[in-house]
Structure formats: structure tokens, C-alpha cells
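Residue numbers (this note's numbering), protein chains in the order written: chain A, 29 to 569; chain B, 2 to 366.
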């Protein structure tokens, strides 16, 4: 326990969990978790995917019932069988995926489920007053009469916070709140949260980003494999220590790499356009080029066309425009626009979504290690597949990529996220492609494996291959890329060299702000994002 | 590991389901005032204790193996082919045409030719729904169901108006020429001293069904096509990522499925009736769904499940013959087996899984 235990006995913890355990079938999601969150603090909970953070918060919010353990709110033992009880106890939750009615106004969403009386008018006018007050108190400004679908993601999140505050929440839980925000919006959110804390609210912030923890929390609890491994004061810890607590061993947080020695352009993209099945233009004239021996990083908030770009390049969907590989134009719509043809041209693809694209989860590791290359005549024996040969080859690849357990007969679904990603990488990299497309290489991957994956990508670059990296993690883009292109709303907003740019500049580009604004950053960002939301809302009609 | 071992999933779960279905069936029989023990004994005696009983059981099983494989192959590509019945009917038409209009020198040649015709007709009948699914997105369940009705109507028309011999009263073709007669088990296994399988319809097609099981196993688990079919069945987006054409897999899987259903007609039409009659399929296409479900779409499972349903069919016929238990009750028992093995699968699996894992936990402690 923290050394300042004695001080804390003076005030009651806002939330105290004692011995919480929860199992889903055979999986122990939470094991004997005890935690005290003091009032008027921002308490971070950090841990890797699957560490049990979300389960713990769902128990606190009444979505799950704990198998064992007790919950105390402001020192009083409280049963929370459902979310109504959680709200009554003063707990508000902002989910990763917002729960808003798209074609309702802000005001209507705020009162939804908290209407008073038979007529809406009373609740609406009351809410209008409360919202005005909240806007003044916490700088939580949102137009109460705007339709949700016309708001940017950042504003929608503010509506979620307002909903909780309207229900008189004293304790606010935010689950990975910055995942969908541009850096400027994330900054603004943190200012709001600080304002709330200073007014005496208690905030629990769930995240997997060390930087956010260091920036904004007062206390941080680390979870690993369903257990609470430590609770420390943020001012007394370091990212390195937290990473070690999360993983259980020392990890290298920065990437070592030599300067790139780029050669001739290998992948050239000109005026690439793609219209999705809903008729919405997702790529609006992309032009890029990637040279041999360099990593081009595509930065951007998810949903701005990066996935579509990868899909087009990987042969999963059609497009118009021109793509040249080693100077030769490739087919974008016809017979030779599928994944097989792309592979034949030396394009390997580590897709963003390994569960639905990169792997067949019920397939064994060895079956997955030839997926996409299964037509290679070298692995056929007459009519049949040379299973024994493929297995032997798979075992070698798994050893080289340190896949654990190194058992080629195990189904892909039984590997951890990091090891699944290593299987995909091993398959694509070991084919010695000219071009590697990599989408979100470390999403849902444990920190230990991140280190390894980054090294492999850089090793491939040093072999003189062209690499196109798409990631929503700006840190990853900044540390891996030799050149950075920023995507917003289906367009490239600009290209920068990592040494000559920073989070702030990239963050503005990610929001579509290309010139230094003459007003506060957040307003310029808000303006662009709102315009984009409204364009999309029009498209959806 | 958070799962029970594969063998338990494949063996124990269906076994428990059958036992549960049997218990409830026993209660039903008890409720109508008959003795379940007697009934069960009668079924076993009639279906398994004499060779002629086996002859019927295996005859039915042959049908169910073909239709079960038909559903199983489509399942691997995540398509629910409800049209086995119709595909088998049209397959029967192909078999009949081949037998009636081609002068075969010997039954072996005739069998190969009729098989090709049956498979071709069955596959052809599956092609249209497959094409509609692949190109137009019309749901295969809906189209194959509708195609069952169309198949029945087509067959009706062809039998009544085209193939019925002059002056014949029933809607059926003429009897096939003797050269197309397939050896029955009775002819194959009886000796002068010990007659076996007397009067029962089981014939050489059974071995063809076994061969089909082996063939499907090879296709699904050892060939590149099988690899692509399964990949497509597990995840369509992943298949697209790998460059596997959804149109190609949908069409090929359905053609194979329809061909297997079409082959069923060899048993009923060529092997047993030796002419094409109106209702030759007798619902075997639908039983195939239950067989594939229960057999986990694996050829070995399909084989065993087909045997079980063959036993239920034959045993049920015996019950109707010797007791006051109405024939409809057999349908109830079959329905219960389908209900427990198919629809209520998780009801058995989940407690069993929990049991297994608590054992394992206990073992570790």
C-alpha cells in the first residue's frame, strides 16, 4: 500500500472495492481486486488488452455481478445490481462506443431515460438550464439544439459527459476516451477533466496509453491478467516502471533505428479514389509514393480512409486512379485486382483487423502461416496440400518470430494478441515482399511483443523494402516512420519528416487544419471536424 | 486452455443429446400407455438383431450419408443448403434417364454412368440458387427451399406427361433394363446354406456412400479447394483478404453439395425401386440436415449419425408394425433427436464443458 495510508484515513474513499472476483466460464477476468479511489482525484487504471480493466468497471456500473467482493461508495456498502443503481449511487460512465441517438438533439439525448413528468417540455427546459450552468462551470460547451449526427466525435463525447453530470454523477468513469480523438481534442478533454476534478468530482480513467496516465492522473493502478499489481502516485512513478508493472518484465519503450537510406520509388499512388458500397467517397484523390528502404507512416484518426487505402492496395476492394509497383501499373478493378494478384506483384499485407482479415481463428497456426499463399505450387503435392511440409516450415517460422507457444497445431484463436500478430507478420515478412502494407501492427498487442514487432518492421526496411505503415497511435507513427503523411477525410493533408514535426502539428493536420490558425487551436479543430461530421450526415441521408 | 478436449466435444456431446432424447421419448411412450423398454427392445430387434433388419437400416443410412454429406459440404462454406431434397429428386431424374435410355453392357458401367448423371443433375439443380447467392445475394436458404417445391413440380410433370409408360396408372417411369440392376447385399453376401439380408433393399451403393465419406474428408481437409472452402466458411472478409473468390467458392461448394444429394438417387431409384417413382426421396434430404448437424459436418460424424437415423427409421417401422405405438411417434422421436443434437446443442455442451473444466481445475490443485 502507498506510504500515505495514514493521511487517507482522514477522508473516506469515494469508491472502495474489496476483493472483487469475476470469472467468465474458465477465464478469471478479475481476481481478488481491491482498490481505493479518493474523492477529487483523477485515478488512472492502466493495463494491456484483456487485463480486466473493462470487466472491473462493468461490475462497478452494474453490468456484471461480481462472483465475490464488496463495493463501498463514500464509505457506505452498496449493492449495484444494474446501471440504475449505479446512477443512483452517483456513478456515471462514458463508454468507448457512445450510446447516443444519432437523430436526436443534444438536449433530447441528455434527458433520455431521465425524463420527468408526462410532458417533455418541462424536462427539456430544465435540462437547458442545467446544461447552461454546466457549460459555465466546466467549459463543457455544446450547442443544446444540435443533432448528434452533426457533431464531431469529440463533441459527442462531451454530450456523454454532460449526460452523466445531468444525472448528478460525482464519480465519472471514462473507458479509453481518447481512442477516437485527435490530439487537440484529447488535450481539451483533459482540461475538462481537470476542471471537473477541481470542482470535487472523482474521475476514473481507463486507458492503455502511458502518456495519458503520466499527463493527467493523480494516482494510477496497474492491472495485469485480472489482478491489480500496484497502485502508485503518478508523481512518484515513471513510464518505464509502469510498463514493467504492466508486462511483468523490463521493456524498451523507444525504438532503435538507423537513418533510412531510401532508394527508388517502389510504390507510387496517383489520384486514388474509392467509393464504398453506400455510395460515400472514402478516398478522395490520394497521391503518395513509398521508396525502397523507407517507412512511410500514415497518421490519422481512425475512419478517415486509412482502412480503405489498405484495402485497395491489398486487393480487397476496387478503386479508380493509378497505382504503380516498381514502375508497372497494376489492375485496380478487373480480373487481376484481387489479393492473389497483389501478392504475385510482391505486395504483402498485414491487415488492420487480424481477427477478421489476417487470420482464420479456428485454423491452426500452420494453416494460417500459408493463408493467402496457399496456392503456391511449392506447397502442393499432386492433388493434395503438402501438410507435413507446411507444418515443418511453420515450425521454423514460429521459432524465428518467437511465437509462443511454438506449437503449429494450436488453433490461432488460442494464441495471445501479440502472438497472433507475430504469426501474421511471420507469414508476410518471410515471403520477402517488395512492399509491406502494415495496418495497426500493435493494436491489442502486449507491450513485450510491440518491441519485437517494431524491430522486425525496421529490419525489413533495412533490407531495402518499401513499407507503408498505417496506425492510429501517433507515438508509433513518430517513432517508426521515415516520412509521415497525415490523412483526414479521405485526403492527404500533408507530409512531414518526423524530426521536423511534433504531436501538435500532426494533431492539427489530423483534424484537417493545414494553416496556423489565428484562433485557439481547439476551436479551429472543432470547426473542421464539425464540418466533416455534417458532410457525412448529409451523405447518410 | 479454456475448452474441453475435442474428443469430448465430438463424442460426449452427441451421446448425451441422444440419451436425453431417448429419456424424453421413453416418457412419451409411457404416457400413451406402452412400455418404453419393450419398444426399445423391439426397435433393436427389428433393426439390428437380424441381417434383414440391418439390410434396411443400412439402406436408409446410405440415403442419409449422401444427404448428410450434401449439407455438411455446404456448411463448411457457411451455407445452409436446405435443398438436398430437391437436388436428390432431380438427381433421381438424371439416374432414371441414364438407366432408361443408354444401353449399358454391365451394371458396373451403368453405375458409373448413372452416378455421373445423378451428380450432374443434382449439381445443376443447386447451381441456380448458388449463382443467385453469389451474384445477386439472394439468400441460399430461401432459394433452396423454393427449389424443393419446383423440383417436386418438375418431377411430377416429367413423370406424368413424359416418362410414364403408355397405359400405366401411377406416376412412375418404366422399370429399368436388367443390365442396370445393382447387386443387393442379399446377392452379395448370401451363400446357399446361410441366406443373409433376405428381402432387404441394401445394395452396393452403400459402399459408394462410404467412399463418398472418404472422398469428402480428403477434399475438405487435404486439398487446396477444401482449405479455401473452410476459410471462406469461417470468415468471408479473411477470404477476400487472401484473394479467395467468394463467387467461385459459393458456386463450387454448392455444386459439390448438389452432386452428393443427387447421388442419393442411386440408392433409392437404381438400387431399390429400379424405376423412378414420385416420392423417391421420402424426406431424406431433410434428415440430412439433422445428420450433418449431429455429425458436426465431419464425414465420420455424418456416417455415424446416418447409421443412427437409419436405425430410427427401421426400428420405427418395426414399432408401427408390432405395437399400438403409432408411426407418428417415430417422427416425434426423430424430432427429439434433431432438437437435442441440433437446436439445443449448447444446453448439453455448456454444463458438460463446466464439468470438464472443474475436473481439470481439481486435477491441478
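Glycine included, C-beta positions come from ideal geometry on N, C-alpha and C.
Predicted, not measured: the structure shown is a model, and the values here were computed from it.
Can you name the residues that DSSP bridges to residue i?
| i | result |
| --- | --- |
| residue 372 of chain A | Answer by DSSP bridge pairing: none, since residue 372 of chain A is not bridged. |
| residue 301 of chain A | A:312 and A:348 |
| residue 564 of chain A | The partner list for residue 564 of chain A (beta bridge, DSSP) is empty, contrary to what the question assumes. |
| residue 497 of chain A | A:325 and A:466 |
| residue 100 of chain A | A:44 and A:105 |
| residue 203 of chain A | A:234 |
| residue 175 of chain A | A:133 |
| residue 409 of chain A | A:412 |
| residue 357 of chain A | A:352 |
| residue 377 of chain A | A:465 |
Could you spell out the range, first to last residue, of the beta strand (DSSP E) harbouring residue i?
| i | result |
| --- | --- |
| residue 50 of chain A | 43 to 52 |
| residue 300 of chain B | Run containing residue 300 of chain B: none in the beta strand (DSSP E); it sits in the alpha helix (DSSP H), 300 to 323. |
| residue 72 of chain A | 70 to 75 |
| residue 515 of chain A | 511 to 516 |
| residue 261 of chain A | 255 to 261 |
| residue 58 of chain A | 55 to 65 |
| residue 522 of chain A | 519 to 524 |
| residue 251 of chain A | 247 to 252 |
| residue 119 of chain A | 119 to 122 |
Which residues bound the alpha helix (DSSP H) around residue i?
| i | result |
| --- | --- |
| residue 135 of chain A | 134 to 139 |
| residue 48 of chain B | 37 to 49 |
| residue 72 of chain B | 52 to 77 |
| residue 226 of chain A | 211 to 226 |
| residue 449 of chain A | 445 to 457 |
| residue 363 of chain A | Per DSSP, residue 363 of chain A belongs to no alpha helix (DSSP H) and is neither H nor E. |
| residue 183 of chain A | 181 to 194 |
| residue 88 of chain B | 85 to 102 |
| residue 435 of chain A | From DSSP, residue 435 of chain A is part of no alpha helix (DSSP H); its letter is neither H nor E. |
| residue 218 of chain B | 206 to 223 |
| residue 250 of chain B | 247 to 266 |
| residue 105 of chain B | Looking at the DSSP string, residue 105 of chain B is not in any alpha helix (DSSP H), and its letter there is neither H nor E. |
| residue 84 of chain A | 81 to 88 |
| residue 19 of chain B | 14 to 32 |
| residue 279 of chain B | From DSSP, residue 279 of chain B is part of no alpha helix (DSSP H); its letter is neither H nor E. |
| residue 178 of chain B | No alpha helix (DSSP H) contains residue 178 of chain B, which DSSP labels as neither H nor E. |
| residue 274 of chain A | 267 to 275 |
| residue 158 of chain B | 141 to 158 |
| residue 486 of chain A | 475 to 490 |
Nearest chain D C-beta to residue i closer than 8 Å, yes or no?
| i | result |
| --- | --- |
| residue 385 of chain A | Judged by its chain identifiers, the structure shown contains no chain D, and its protein chains are A and B. |
| Does the segment 113 to 129 of chain B touch the segment 250 to 269 of chain B, meaning 3 or more C-beta pairs lie closer than 8 Å? | yes
| query | If you measure beta-carbon to beta-carbon, which residues of the segment 209 to 236 of chain B are closer than 8 Å to chain A? | reply | Under the 8 Å Cβ criterion, the segment 209 to 236 of chain B contributes 219, 223, 224, 225, 228, 229, 231, 232, 235 and 236.
| Between the segment 387 to 420 of chain A and chain B, which residues of the former have a C-beta closer than 8 Å to a C-beta of the latter? | 387, 388, 389, 390, 391, 395, 399, 400, 402, 403, 408, 411, 412, 413 and 415
| said: For the pair the segment 92 to 103 of chain A and the segment 36 to 55 of chain A, tell me if three or more CB-CB distances fall below 8 Å. | reply: Using a C-beta cut-off of 8 Å, the segment 92 to 103 of chain A makes contact with the segment 36 to 55 of chain A, since at least three inter-stretch Cβ pairs fall below that distance.
| field | the segment 56 to 73 of chain A touching the segment 430 to 438 of chain A, judged by at least three CB pairs closer than 8 Å | value | no
| Contact set between the segment 329 to 344 of chain A and chain B, restricted to residues whose Cβ is under 8 Å from the partner | 342, 343 and 344
| query | Closer than 9 Å, Cβ to any Cβ of chain A: which residues of the segment 238 to 249 of chain B, in chain order? | reply | 238, 239, 240, 241, 242, 243, 244, 245 and 246
| task | Taking only beta carbons into account, state which residues of the segment 101 to 116 of chain B come closer than 7 Å to chain A, listed in chain order. | result | none
| Residues of the segment 365 to 379 of chain A whose Cβ lies closer than 8 Å to any Cβ of chain B, in chain order | 366, 367, 368, 369, 370, 371, 377 and 379
| request: Could you say if the segment 486 to 494 of chain A and the segment 401 to 411 of chain A meet the contact criterion of at least three C-beta pairs nearer than 8 Å? | output: no
| query | Given 8 Å as the limit, is there contact between the segment 204 to 222 of chain A and the segment 47 to 61 of chain A, that is, 3 or more CB pairs closer than that? | reply | no
| How about the segment 275 to 294 of chain B and the segment 134 to 143 of chain B: do they share at least three Cβ pairs that are nearer than 8 Å? | With a cut-off of 8 Å, the segment 134 to 143 of chain B and the segment 275 to 294 of chain B do not count as touching, because too few Cβ pairs lie within range.
| Quick check: the segment 67 to 82 of chain A against the segment 249 to 267 of chain A, are there 3 or more CB pairs under 8 Å? | yes
| request: Determine which residues of the segment 45 to 57 of chain A have a Cβ less than 7 Å from any Cβ of chain B, and write them out in chain order. | output: Taking 7 Å as the Cβ-Cβ cut-off against chain B, the residues of the segment 45 to 57 of chain A that qualify are 53, 54 and 55.
| message | Under 8 Å: do the segment 182 to 192 of chain B and the segment 203 to 211 of chain B share three or more Cβ pairs, one atom per stretch? | response | In this structure the segment 182 to 192 of chain B lies against the segment 203 to 211 of chain B, because at least three pairs of beta carbons, one per stretch, are closer than 8 Å.
| said: To be precise: take each residue of the segment 177 to 192 of chain A, compare its Cβ to all Cβ atoms of chain B, and keep it if any distance is under 7 Å. Which residues remain? | reply: Answer in chain order: no residues at all.
| query | Between the segment 309 to 326 of chain A and the segment 507 to 526 of chain A, do three or more beta carbon pairs fall short of 8 Å? | reply | Segment contact: the segment 309 to 326 of chain A against the segment 507 to 526 of chain A, three or more CB-CB distances shorter than 8 Å; contact assigned.
| said: Short of 7 Å Cβ to Cβ, which residues in the segment 230 to 252 of chain A face chain B? | reply: none
| field | the segment 244 to 263 of chain B / the segment 42 to 53 of chain B touching (three or more Cβ pairs under 8 Å) | value | Using a C-beta cut-off of 8 Å, the segment 244 to 263 of chain B makes no contact with the segment 42 to 53 of chain B, since fewer than three inter-stretch Cβ pairs fall below that distance.
| Selection of the segment 336 to 358 of chain B by Cβ proximity to chain A, strictly under 9 Å | 351, 354, 355 and 358
| Validate contact between the segment 329 to 341 of chain B and the segment 20 to 36 of chain B using beta carbons, cut 8 Å, 3 pairs | At 8 Å Cβ cutoff, the stretches touch.
| Segment contact flag, the segment 182 to 193 of chain A with the segment 519 to 527 of chain A, C-beta cutoff 8 Å, min 3 pairs | no
| 4 or more residues per run - each alpha helix (DSSP H) lying fully within the segment 321 to 357 of chain B | 328 to 339
| said: So, does the segment 375 to 384 of chain A touch the segment 451 to 460 of chain A, judging by three or more C-beta pairs under 8 Å? | reply: Touching, yes.
| Okay, do the segment 310 to 319 of chain A and the segment 288 to 302 of chain A touch, 3+ Cβ pairs below 8 Å being the bar? | yes
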